[in-house]
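Residue numbers (our numbering), protein chains in the order written: chain A, 1 to 394; chain B, 1001 to 1298.
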Amino acid sequence: MSLRRPDALGGRAAIVGIGATSFSKDSGRSELTLAVQAVRAALDDAGLSPVDVDGLVSFTMDTSPEIAVAQATGIGELSFFSRVHYGGGAACATIQQAALAVTTGVAEVVVCYRAFNERSGRRFGSGVQHREPSAEGAALGWVLPFGLLTPASWVAMAARRYLHTYGLSPDAFGPVAVADRRHAATNPAAYFYRKPITLADHAASRWIAEPLRLLDCCQETDGGQALVVTSLERAHDLRRRPAVITAAAQGAGRAQEQMTSFYRDDLTGLPEMGVVARQLWRTSGLGPGDVDTAVLYDHFTPFVLMQLEEFGFCGRGEAADFAADGGLEIGGRLPVNTHGGQLGEAYLHGMNGIAEAVRQVRGTSVNQVPDASRVLVTAGTGVPTSGLLLGRAQ
Amino acid sequence: MTDAEPAAGFYERIKAYEGQSAAVGGEGRDPVNSPMIRHWCEAMGHLLPVDGSAPPTMLQVWTMAGLSGHGDRSGPYDELLGALDAAGFDAVVATDCEQEYVRPLRPGDRIVFDAVIESVSPRKTTKLGIGHFITTRMDLRSGGEQVGTHRFRILKYAPAPRKAPGKRPRPVVNRDNAGFWNGVSRHELLIQRCTGCGTPRFPWLPGCNSCGGQAWDTVKASGSGTVYSYVVMHHPPFPAFEPPYAVALVELPEGVRMIANVTGVPYDKVRIGMPVELEFAVVDDELTLPVFRVREGV
């Protein structure tokens, strides 16, 4: 990884298997069971068996340790195991870690997974009222006593400044929600299958943390998602068309906080995603015009607009116009979140979005973008984050 | 909710009332009549129908018992309510109604009706408390023919105890930031400053993000500030806060920003760019917080 030069990771590893549980509001299963089922499904998809796996990667937030997942799936010895921090910001970085391992020979087959009962168990949206006095806890301690307690509220602070700076109203976020829900409406795996919304529905939905309305906030989900990564060489011998990891990057900004980066810059962008964007473009030699479709992390709609700007799909302050009039929908300027996103399909900390990017490269999405060969995926926004460019093998 | 923890089999017992009558042979106190239609239309701001018929949504007017009470109630319905009362579900709230209109009602129509207990819900947890929804369906007839249906739902519940207002979340104090909170307790807002490069910093940290310098002193904030951004919190509710309330990001002329509450204006009047002035709010015995009051004349 480098802030200044292309890296040597691009094009050497691929995602060869994807698997998920059903996405629900009450799985009735343990989080470990969800993780195990997702891992097994991903291995089945790849045509590999547990004994082929020698690496596992997950999130620091995941409650299912690599060793427990390995035991309960029949995976034996592990030569590589790793966890990535910062909530949903970890998603694409799990794939990066796996790619680093398989391209250096540290491991041969690595499974990345994330599973939780985020709706029926611990709900992130219910907020934080107490933190331990670690450096991480203290960072959030500057906002808690004043009642800024939820992820929605932390995003809303930047969203308000963005609207103010560019003279927009909260309706500017509507097209993001409408695009997600339109795509979810034709995706049988989506929680909001057959439930599209209109701009009027968005504008009429109740306030959660002004300027965010209910329909600006993603749903909460029980479920698990896993992805199998191996070297490009080995990928060619497997049954699925490989989704080549053309580029992978992590990024943190200067004066970065987790969700509360209020004290830097002008609050109208996502500098950490800018770090990711520069590295993805630099390593791949590609630019925004080369991408056929994108999966942009959408726990809250405003940060989808800011991501469009950070990646250069449009200029600063132009994302609302870019997204308007179906700009993010199939057939639009840039089809975004063709699975329905986390607003429409499921909130799996971004891992289900990587699976959708794989399906687009394979040509098997329920909302397939014709001949999609290059797909951008991003991880959690407002936190230190990560991103991927996936493509077809040459 | 111990007094609303009914014995096993309670739900089966109250569910058995489904299908039993809630009112039998009820008669409207007055026939459909023009003065009542006119009064109702005036009170509701409804246009008076030109053909003299009653607006369909008046349906319930023709069956209500008036101030004298529920003389038409059946034994089973009273028994059901009594059973719920005895089990601790002694509060009631009407939740919704649905009506169907078969034909217009005209002055002179005499309304008779029967009502049936259509459903008794399983135990439900609501914000008001735990209880059971009871739906009754009243069939209205006139001259032997069906003229409408009135489906009415109530919640019989055990009121949830009102929670005592909770304490505000505490600041997260450690060795790196204790100086700030000690300052607040003396009603001073202290900003760290790198003694190497002079850069002010907030939040408090042990080193400088500009030059990496580890030595620092503090500057006492002058107290003036400007609202840089803000959020109005609506949902979910938290014990110590009454939504909606505003939380602001305040920019200080010393060159830092901090989160705080804005006082002196209602939550919906906070705006970006508002000049504000520091003050200290004593929240409880153990907590004082810096807050910002909107300057006079704004």
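By construction, the Cβ of each residue, glycine as well, lies at the ideal position given by its N, Cα and C atoms.
Helix, strand or coil at residue i according to DSSP, with G and I counted as helix
i: Lys25 (chain A); result: coil
i: Gly11 (chain A); result: coil
i: Val176 (chain A); result: helix
i: Tyr1267 (chain B); result: helix
i: Met1064 (chain B); result: coil
i: Ala1022 (chain B); result: strand
i: Arg213 (chain A); result: strand
i: Asp265 (chain A); result: coil
i: Met1 (chain A); result: For Met1 (chain A), the predicted structure reports a pLDDT of 47, less than 50, and the residue's modelled location is therefore unreliable. The matter cannot be settled from this model.
i: Tyr1157 (chain B); result: strand
i: Ile75 (chain A); result: coil
i: Gln225 (chain A); result: strand
i: Gly17 (chain A); result: strand
i: Met401 (chain A); result: Residue 401 (chain A) cannot be examined here, being either before or after the span of chain A that is shown, 1 to 394.
i: Gln1214 (chain B); result: coil
i: Asp1284 (chain B); result: strand
i: Ala243 (chain A); result: strand
i: Phe1113 (chain B); result: strand
i: Asp1003 (chain B); result: Reliability fails at Asp1003 (chain B), whose pLDDT of 49 lies under 50, so the model's placement of it is uncertain and no value is given.
i: Val39 (chain A); result: helix
i: Pro1206 (chain B); result: coil
i: Gly1108 (chain B); result: coil
i: Ile1259 (chain B); result: strand
i: Val69 (chain A); result: helix
i: Val369 (chain A); result: coil
i: Ala1240 (chain B); result: coil
i: Gly326 (chain A); result: coil
Limits of the beta strand (DSSP E) - the one that residue i falls within
i: Arg1096 (chain B); result: Per the sequence shown, residue 1096 (chain B) should be read as Asp rather than Arg. Asp1096 (chain B) -> beta strand (DSSP E) spans Ala1091 to Tyr1101.
i: Ser1224 (chain B); result: Ser1224 to Met1233
i: Arg374 (chain A); result: Arg374 to Thr378
i: Tyr1245 (chain B); result: Tyr1245 to Glu1251
i: Leu286 (chain A); result: Neither: Leu286 (chain A) is in no beta strand (DSSP E) and is coded neither H nor E.
i: Ala348 (chain A); result: What sits at residue 348 (chain A) in the sequence shown is Leu, not Ala. Careful: Leu348 (chain A) lies outside any beta strand (DSSP E) and carries neither H nor E.
i: Arg234 (chain A); result: Segment Leu232 to Ala235 is the alpha helix (DSSP H) holding Arg234 (chain A); no beta strand (DSSP E) there.
i: Leu389 (chain A); result: Thr385 to Gly391
i: Arg1029 (chain B); result: Arg1029 (chain B) -> no beta strand (DSSP E), and no H or E assigned at all.
Under 7 Å by beta carbon: chain A residues contacting residue i
i: Ala1164 (chain B); result: Under the 7 Å cutoff, chain A gives no residues; its nearest Cβ is about 16 Å from Ala1164 (chain B).
i: Phe1202 (chain B); result: Tyr263
Beta-carbon neighbours of residue i, restricted to chain B and to distances below 7 Å
i: Val143 (chain A); result: Ile1259
i: Glu210 (chain A); result: Val1231, Val1232 and His1234
Chain-ordered chain A contacts of residue i [CB-CB under 8 Å]
i: Asp1176 (chain B); result: Ala135 and Ala138
i: Ala1168 (chain B); result: Sequence check: residue 1168 (chain B) is Arg here, not Ala. Simply Pro145 and Gly147.
i: Leu1190 (chain B); result: Going along chain A, no residue has its Cβ under 8 Å from Leu1190 (chain B), so there is no contact; the nearest lies around 13 Å.
i: Asn1209 (chain B); result: Arg254 and Ala255
Partners in chain B for residue i, counting only beta-carbon separations shorter than 8 Å
i: Ser153 (chain A); result: Val1231, Met1233 and Val1247
i: Ala164 (chain A); result: The identity of residue 164 (chain A) in the sequence shown is His, whereas the question assumes Ala. Those are Ser1229 and Ile1272, listed as they occur along chain B.
i: Trp281 (chain A); result: Under the 8 Å cutoff, chain B gives no residues; its nearest Cβ is about 27 Å from Trp281 (chain A).
Listed by chain order, chain B residues near residue i by CB distance under 9 Å
i: Arg119 (chain A); result: Near Arg119 (chain A) there are no residues of chain B at all, since even the closest Cβ is about 14 Å away, more than 9 Å.
i: His130 (chain A); result: Pro1169, Arg1170 and Val1172
Boundaries of the alpha helix (DSSP H) in which residue i is found, first to last residue
i: Met1044 (chain B); result: Ser1034 to Met1044
i: His299 (chain A); result: From DSSP, His299 (chain A) is part of no alpha helix (DSSP H); its letter is neither H nor E.
i: Met351 (chain A); result: Met351 to Arg362
i: His1132 (chain B); result: Segment Gly1129 to Ser1142 is the beta strand (DSSP E) holding His1132 (chain B); no alpha helix (DSSP H) there.
i: Gly55 (chain A); result: First-last for Gly55 (chain A): Gly55 to Phe59, but that is the beta strand (DSSP E), not the alpha helix (DSSP H).
i: Ile1014 (chain B); result: Phe1010 to Lys1015
i: Phe322 (chain A); result: Ala319 to Ala323
i: Gly341 (chain A); result: Gly341 to Gly344
i: Thr202 (chain A); result: For clarity, residue 202 (chain A) is His in the given sequence; the question names Thr instead. Leu199 to Ala204 is the extent of the alpha helix (DSSP H) around His202 (chain A).
i: Pro1055 (chain B); result: Per DSSP, Pro1055 (chain B) belongs to no alpha helix (DSSP H) and is neither H nor E.
i: Glu1079 (chain B); result: Gly1075 to Ala1086
Contact list for residue i against chain A, beta-carbon separation under 9 Å
i: Leu1289 (chain B); result: Pro145 and Phe146
Beta carbon proximity, residue i to chain D, threshold 9 Å
i: Pro1171 (chain B); result: Looking for chain D here will not work: the only protein chains present are A and B.
Unbroken stretches of the beta strand (DSSP E), 3 residues or longer, contained in the stretch 91–171 of chain A: 109–117
Interface positions of the stretch 187–202 of chain A facing chain B (Cβ-Cβ less than 8 Å), listed along the chain: none
Residues within the stretch 1020–1041 of chain B neighbouring chain A, beta-carbon criterion of under 7 Å: Listed by position, the residues of the stretch 1020–1041 of chain B near chain A (Cβ gap below 7 Å) amount to none.
Interfacial residues, the stretch 351–370 of chain A to chain B, with Cβ spacing under 7 Å: Within the stretch 351–370 of chain A, not one residue has a Cβ closer than 7 Å to any Cβ of chain B.
Under 7 Å (Cβ pairs) to chain B, residues found in the stretch 261–290 of chain A: Phe262, Tyr263 and Leu267
Chain B contacts from the stretch 245–261 of chain A (Cβ-Cβ distance under 9 Å): Arg254, Ala255, Glu257 and Thr260
Any beta strand (DSSP E) of 3 or more consecutive residues that is wholly inside the stretch 1168–1199 of chain B: 1190–1194
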